[in-house]
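Visitor:
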Amino acid sequence: DSRVPRRMLKRAAGSAWDEELDLSSRAVLSTAKGKSVRQSYNGVQRPVLQLGQDADVLSQRHWLPPGWWEDLDYYSANHHPLHGLLARDRNNRLLRLERFGMELAAVGSAICFSKSDDDWLEDYGRLLIEAFGRRACEAVMFVLPGMLMWHLIFFLFTRPSLRPSAPFQSLSCEWWRAQKCSHLGDLIGYAVMLAGICVLVVKLTEPPAASGSQANTTHLLMAIASRFLAYGMSWLHMVAVPFNPVVAWGQSDPGGPLCLGDFIGLGRWRLEKQRFQARCAEVVEAAEPQAARAAQERSPSALW
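Spelled out as structure tokens, the structure:
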């Protein structure tokens, strides 16, 4: 409908790489590279907690599963603060200008909480300072507010979305419900982002008599440095949790019950790949009798 803004259509309909479906939709790329689906699945009932390398790695003598690096690169380009700002997918919900505003809001929130964090460390954080050092504690105090601000705005801008598995008859209701929720999330997200940017502007333009120009400059530099530390922590989280190549905790059987690990997301890429391989193996096994009968009917002996 031309009356519906193009931006709202993207937000409501979502994309294949929504955070709920981003890993499973890309599992096709990493399934059958050099071997059949049945060879990759083998009908093995895998445990809920998997330790060690994946079977695809052991059978093909690779360091990483096929498609792991490609999927990690695509996931990072759409979910990482810095990588997404430079190389996002053109169908991604967040515009580059919005991502830039999210970075400014994250820096503003880090500066806003810097003074209160200093007071908290002086009053209650003496044990932490003695254990880890003042520099490490200050770095964490600067990093956490910025990361929380960024992920809060990211959540508001990207959720909720239309569920691709919704039945056709309820598609219209789901569509308008998702549109309303997305519009509300946009409004709240823009309000939070503008609040963070306003805090940044106020802190930068604050007169030296109020807090001292040296303190403002120091807090700004520490806030910017904290964002680069947050970039590294985000990449580390991606490799250690959803794309962990050696540990997976969750249900790999498509028909099996969920467990606590499915909500944590440890080794999620590996589990989604295994679920896809299991479904493909089931489809192939179900189609084999029909293919055999069809081949028998087409054979020359069947004509006589």
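Each residue of the sequence shown is one higher than the one before, starting from 2 at the first, in my numbering. Positions of the beta carbon are idealized from the N, C-alpha and C atoms, including for glycine. As the structure is a prediction and not an experimental result, all values here were calculated from the model.
#1: Could you check which residue in Ala296, Leu205, Gly102 has the C-alpha nearest to that of glycine 190?
#2: Go through its chain and collect everything with a Cβ distance to glycine 147's Cβ below 8 Å, but skip five positions before and after it.
#3: Starting from tryptophan 250, follow its DSSP beta bridges and name the residues at the other end.
#4: Is it the case that the segment 235-249 contacts the segment 271-287, given that we only count it when at least three CB pairs across the two stretches are under 8 Å?
#5: Whose CA, out of Trp70, Ser77, Val203, Glu104, lies closest to the CA of methionine 194?
#6: So for leucine 259, helix, strand or coil by DSSP?
#7: For the putative contact between tryptophan 236 and histidine 80, defined by C-beta atoms under 8 Å, what is the C-beta separation to the nearest angstrom?
#8: Run through the segment 191-240 for me and flag every whole alpha helix (DSSP H) of 4 or more residues, listed as ranges in chain order.
#9: Just checking, does the segment 278-289 make contact with the segment 249-260 on the three C-beta pairs under 8 Å criterion?
#10: For glutamate 286 and alanine 56, what's the separation of their Cα atoms in angstroms?
#11: Could you spell out where the alpha helix (DSSP H) holding arginine 271 opens and where it closes?
#12: Can you tell me where the alpha helix (DSSP H) with glycine 85 in it begins and where it stops?
#13: Who are the Cβ neighbours of arginine 294 in its own chain at under 6 Å, not counting the five residues just before and after it?
#14: Straight-line CA distance for leucine 65 to glutamate 71?
#15: How many Å lie between cysteine 199 and leucine 95 at the Cα?
#16: Go ahead and label phenylalanine 264 buried or exposed: buried means 16 or more other beta carbons lie within 10 angstroms of its beta carbon, across all protein chains shown.
#17: Taking all protein chains shown into account, do 16 or more other C-beta atoms lie within 10 angstroms of the C-beta of glutamine 46, making it buried, or fewer, making it exposed?
#18: Confirm, please, whether the CB-CB distance from valine 49 to glycine 197 is below 8 Å.
#19: To the nearest angstrom, how far is the alpha carbon of asparagine 93 from that of glycine 233?
#20: Mapping DSSP to helix, strand and coil, what is proline 146?
Guide: Checking against the coordinates, here is how it stands:
#1: Position 189 of the sequence shown holds residue 190. It is Gly102.
#2: Residue 147 sits at position 146 when you count from the first residue of the sequence shown. Excluding residues up to 5 positions away in sequence, Ala107, Val108, Ser110, Ala111, Ala224, Ser227, Arg228, Ala231 lie with their Cβ nearer than 8 Å to the Cβ of glycine 147 in the same chain.
#3: Locating residue 250 in the sequence shown gives position 249, where the first residue counts as 1. BP columns for tryptophan 250 point to Leu50.
#4: Touching, per the Cβ criterion.
#5: The residue labelled residue 194 in the question sits at position 193 within the sequence shown. The candidate whose alpha carbon is nearest that of methionine 194 is Glu104.
#6: Numbered from its first residue, the sequence shown carries residue 259 at position 258. Of the three classes helix, strand and coil, the one that applies to leucine 259 here is coil, per DSSP.
#7: Numbered from its first residue, the sequence shown carries residue 236 at position 235. Numbered from its first residue, the sequence shown carries residue 80 at position 79. Actually they do not touch by this definition, with Cβ atoms about 10 Å apart.
#8: Runs found: 209-212.
#9: Counting Cβ pairs under 8 Å, three or more are found: they touch.
#10: Counting from 1 along the sequence shown, the entry for residue 286 is found at position 285. Counting from 1 along the sequence shown, the entry for residue 56 is found at position 55. Rounded to whole angstroms, the gap between the alpha carbons of glutamate 286 and alanine 56 is 20 Å.
#11: The residue you call residue 271 lines up with position 270 of the sequence shown. 269-299 is the extent of the alpha helix (DSSP H) around arginine 271.
#12: On the sequence shown, residue 85 is found 84 positions in, with the first residue counted as 1. Counted as a single uninterrupted DSSP element, the alpha helix (DSSP H) harbouring glycine 85 occupies residues 82-88.
#13: Here residue 294 refers to the residue found at position 293 of the sequence shown. Taken in chain order, the list of residues that qualify is empty.
#14: Translated into the one-based positions of the sequence shown, residue 65 becomes position 64. Translated into the one-based positions of the sequence shown, residue 71 becomes position 70. Those two C-alpha atoms are separated by around 11 Å.
#15: In the sequence shown, residue 199 corresponds to position 198, counting from 1. In the sequence shown, residue 95 corresponds to position 94, counting from 1. Cysteine 199 and leucine 95: Cα-Cα distance of roughly 21 Å.
#16: Numbered from its first residue, the sequence shown carries residue 264 at position 263. Around the beta carbon of phenylalanine 264, fewer than 16 other beta carbons sit within 10 angstroms, so the residue counts as exposed.
#17: One-based indexing of the sequence shown puts residue 46 at position 45. It is exposed - the Cβ of glutamine 46 has fewer than 16 other Cβ atoms within 10 Å.
#18: The residue labelled residue 197 in the question sits at position 196 within the sequence shown. The residue labelled residue 49 in the question sits at position 48 within the sequence shown. Between glycine 197 and valine 49, the C-beta spacing is not below 8 Å.
#19: Walking along the sequence shown from the start, residue 93 turns up at place 92. Walking along the sequence shown from the start, residue 233 turns up at place 232. Whole-angstrom Cα-Cα distance: 22 Å.
#20: As a first step, residue 146 must be located in the sequence shown, where it is residue number 145. The three-state reading of DSSP puts proline 146 in helix, counting H, G and I together.
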